[in-house]
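Just below is one structure, and these are the notes that go with it.
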Amino acid sequence: MLFAQVPHEPVPVRLAAAAGRSWSAAAPAGSVRAAVTAAGGRLRLTVTRAGHVALRADLGDAPAGELRARREAVHERFHTPSGKRRVHRLDARRLTLTGRGGRGVQILAARGGAAFRLLRAGPERTVLHAPAGTRAWLQNYRADYENPYVPGALAGYAPQERYAFPALLRTDGRYTLLTEAGAERAAVSHLKLYPHGHGALHVDLPPSEPAPARTPWRVMVLGSLADIVASDLPLALGSPSRIRDPSWITPGRAAWSWWSDPRSATSLERQRDYVDAAAAAGWEYVTVDAGWNPAWAPGLATYAARRGVKLILWLDWHDLSTPAERERVLSLLAAWGVAGIKVDFLLSDHAPQIRAMDDIARAAATRRLVVDFHGCTVPRGIQRTWPNVLTLEGVQGAEHAMLEPLSPAHNVNLVFTRNVIGGMDYTPVTFSAPGRVTSDGQELAESVVFESGLQHFADTPESYARHPVAAAFLRAVPAAWDDTRLVSGRPDSHAVVARRSGDRWFVGGIVAGGRRSLDVPLRFLSEGVYAAQVISDGPHGGLVSRDAPVGRITTLKVPVARNGGFVVELTPAS
276 MLFAQVPHEP VPVRLAAAAG RSWSAAAPAG SVRAAVTAAG GRLRLTVTRA
326 GHVALRADLG DAPAGELRAR REAVHERFHT PSGKRRVHRL DARRLTLTGR
376 GGRGVQILAA RGGAAFRLLR AGPERTVLHA PAGTRAWLQN YRADYENPYV
426 PGALAGYAPQ ERYAFPALLR TDGRYTLLTE AGAERAAVSH LKLYPHGHGA
476 LHVDLPPSEP APARTPWRVM VLGSLADIVA SDLPLALGSP SRIRDPSWIT
526 PGRAAWSWWS DPRSATSLER QRDYVDAAAA AGWEYVTVDA GWNPAWAPGL
576 ATYAARRGVK LILWLDWHDL STPAERERVL SLLAAWGVAG IKVDFLLSDH
626 APQIRAMDDI ARAAATRRLV VDFHGCTVPR GIQRTWPNVL TLEGVQGAEH
676 AMLEPLSPAH NVNLVFTRNV IGGMDYTPVT FSAPGRVTSD GQELAESVVF
726 ESGLQHFADT PESYARHPVA AAFLRAVPAA WDDTRLVSGR PDSHAVVARR
776 SGDRWFVGGI VAGGRRSLDV PLRFLSEGVY AAQVISDGPH GGLVSRDAPV
826 GRITTLKVPV ARNGGFVVEL TPAS
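This is the structure we're talking about:
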């Protein structure tokens with residue numbers, strides 16, 4: 276990681292003399308500007324992009340005494356083993372305003388957005404004001420974040436309901452994604468519709484949770500939908516990596532039996548079947564869920580290793596809640612040759628569970644174990660701090676399809692909301708989901724459209740064998756990327772996402788609603804000729820594949836079935 280700061284001398288300003296006075300930070304590139312005003316004993320923030328107000332915020336009482344301003348330039352470059360890309364940059368300007376007792380606010384302006392956090396502010400009183408007429412996609416909060424995003428006029432949502440981060444807003448065709456980042460060991464927040472604010476959002480801690488000494492960054496990703504989907508800002512505002520040498524961290528695809536048969540984790544024979552299937556498919560992992568037996572787990576890890584497959588074992592987080600338990604359990608698993616852990620049932624945004632996630636990730640890293648958090652909050656920069664955390668659930672994914680079919684519009688909306696902020700263990704490509712309304716093409720496209728450093732393909736080996744075109748594609752598609760682009764899309768309608776791994780590009784597209792044809796311009800390609808394989812829904816069901824030579828001036832026209840999808844693999848021609 277490269278890090279540089281260029282501080283300026285603090286500038287003391289007496290509050291009484293500064294009433295109505297503003298301090299601002301402007302992004303070093305782009306057109307984002309964040310300004311704080313002290314007036315009437317209050318601090319207020321205004322964030323603009325290209326001269327248009329994206330959001331205003333009331334940050335509560337201004338600090339007592341004189342205010343001191345400190346300005347810094349921030350230039351960071353860091354690497355992660357998985358995500359939208361492996362190499363990330365943060366170029367920003369940061370302003371810190373503090374008064375008596377260190378109380379104050381930090382604001383940051385970057386090319387793709389802005390952020391603020393409060394310092395020793397006491398009880399949370401932050402209120403976010405979007406412009407009139409703003410439309411939103413909000414998720415009703417629940418502890419596992421497994422609700423859909425509901426569209427509507429921001430002013431029309433129910434007052435006093437608790438809504439989850441991230442939240443997507445649209446004003447006059449411009450978008451803002453609200454989220455948090457940099458919450459390592461403190462409680463994280465939610466949103467409430469302000470009862471008399473005509474669509475204003477109150478930032479609210481979990482009930483009975485005391486205010487932290489420093490809040491997480493409240494992040495506003497700004498711009499077009501393409502800007503939001505490609506943004507690294509929520510990740511970049513996590514704390515820098517605590518792992519000195521991350522070379523052992525391997526992203527990958529995983530076979531997983533629990534989705535199709537929850538009792539299968541008790542069967543050594545069935546888990547060997549999944550190891551054999553993962554090895555045949557070239558997948559890196561097998562995850563054994565609740566029910567595994569410590570009498571046979573070490574032997575299964577050896578069996579998997581001989582076939583080039585790594586083993587991940589499920590754990591209840593309560594079994595790792597103390598330092599002694601983490602030492603005993605994780606050291607034993609590492610001695611068995613296990614490569615990672617799936618940690619479940621955290622189910623809280625209170626500080627103890629947030630600290631537990633940090634402690635578990637740290638203890639796992641010490642033993643070179645990768646981590647998948649389930650039944651948990653959404654990522655808030657943890658994948659920068661602990662890059663061995665390859666994915667988190669915090670999403671209504673394919674497990675929900677065991678109860679009722681998932682909405683294609685929900686799948687589309689995840690591209691613009693939850694998956695923007697970090698790896699998402701949706702457990703995709705479930706052809707045998709009961710009563711599903713998505714086409715085979717949409718199920719396959721989830722392998723590209725949804726990013727997860729540990730990508731669980733949740734169906735059975737037998738189901739994938741019945742879909743040979745899909746099985747061949749799943750042998751080729753990676754779980755880690757070097758670049759990510761939104762080709763086209765909008766919430767509730769469709770999303771077409773292009774991701775690069777080395778010199779190959781993979782494109783996935785999903786739609787909600789009726790049959791249509793989508794244009795896929797290939798301007799993201801480098802010069803030269805590529806071999807394109809397009810897999811889409813057949814006219815009478817199933818999947819069909821066609822090949823064609825293409826280049827960066829090509830626009831593919833892909834027919835898409837109702838609630839359908841497609842994938843494209845693009846390989847430089849030799």
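Per our numbering, numbering of the sequence shown is gapless, rising by one per residue and ending at 849. Yeah, the Cβ is synthetic: ideal placement off N, Cα and C, and Gly gets one too. On a predicted model such as this, the values are computed, not experimentally measured, just so you know.
The closest CA to that of ILE503, considering only ALA676, TYR450 and GLU455, is found on TYR450. For ASP336, the enclosing beta strand (DSSP E) has its first and last residue at 327 to 336. The stretch 327 to 335 makes no contact with the stretch 481 to 488; the number of CB pairs closer than 8 Å stays below 3. For LEU575, no pairing in a beta bridge is given by DSSP. As summarised for the stretch 408 to 470, the continuous beta strand (DSSP E) elements at least 3 residues long and confined to that stretch are 410 to 414, 424 to 428, 442 to 446, 449 to 456 and 465 to 468, given in chain order. Under the three-state reduction of DSSP output, GLU844 falls in the strand class. The bridge partners DSSP lists for PRO824 are ALA806. Within the stretch 640 to 690, the complete alpha helix (DSSP H) segments of 4 residues or longer fall at 657 to 660, listed in chain order.
Secondary-structure assignment with DSSP links LEU793 through a beta bridge to VAL833. In this structure ILE587 is not in contact with TYR549, their Cβ atoms being roughly 11 Å apart against a cut-off of 8 Å. Around the beta carbon of PRO509, 16 or more other beta carbons sit within 10 angstroms, so the residue counts as buried. Annotated as distal: LEU365 and VAL380, with beta-carbon spacing of 8 Å or more.
Three or more Cβ pairs drawn from the stretch 359 to 378 and the stretch 337 to 347 lie within less than 8 Å of each other, which places the two stretches in contact. Here GLN435 is exposed. Its C-beta has fewer than 16 other C-beta atoms within 10 Å. For ASP619, the enclosing beta strand (DSSP E) stretches over residues 615 to 619. Note on LYS832: under 16 other CB atoms within 10 angstroms of its CB, so exposed under the neighbour-count rule. Counting only the Cα atoms, GLY316 lies some 43 Å from GLY358. DSSP places THR541 within a helical segment (H, G or I) once states are collapsed to three.
Exclusion of the five residues before and after ARG360 leaves TRP756, ASP757, ASP758 and THR759 as the residues of its chain whose Cβ lies within less than 7 Å of its Cβ.
For VAL712, the three-state secondary structure derived from DSSP is coil. Taking SER514 as the centre and dropping the five residues before and after it, the same chain places the C-beta of GLY457, GLU459, GLY656, ARG659 and THR660 closer than 8 Å to its C-beta, in chain order. About 6 Å separates the Cβ atoms of ARG308 and SER299, confirming a contact at the 8 Å cut-off. The beta carbons of VAL695 and GLU721 sit about 16 Å from each other, so the pair does not count as a contact at 8 Å. Taking all protein chains in view, the Cβ of ASN686 is crowded by 16 or more other Cβ atoms within 10 Å, so the residue is classified as buried. Judged by beta-carbon spacing, ARG319 lies within the 8 Å limit of ALA332, meaning their Cβ atoms are closer than that value. Per DSSP, reduced to three states, the secondary structure at ASP366 is strand. Counting along the chain, the unbroken beta strand (DSSP E) around TRP492 starts and ends at 492 to 498. When beta bridges are read from the DSSP output, VAL782 appears opposite ALA773 and VAL843. Spatial neighbours of GLN546 in its own chain (CB-CB distance under 8 Å, excluding positions within 5 residues in sequence) are listed in chain order as SER532, SER539, ALA540, VAL561, VAL563, TRP567 and LEU575. ILE524 and VAL425 have their alpha carbons spaced roughly 36 Å apart. A distance below 6 Å between beta-carbons, with the five flanking residues on each side excluded, links ALA836 to the following residues of its chain, in chain order: SER714, ARG790 and ASP812.
Closest in alpha carbon position to GLY716, among GLY826, GLY427 and PRO834, is PRO834. The Cβ atoms of ASP624 and HIS649 do not sit closer than 8 Å to each other.
Note on geometry: alpha-carbon atoms of ASP822 and GLN808 lie some 5 Å from one another. For GLY817, the three-state secondary structure derived from DSSP is coil.
According to the DSSP assignment, VAL744 belongs to no beta strand (DSSP E) but to the alpha helix (DSSP H) extending over 743 to 751.
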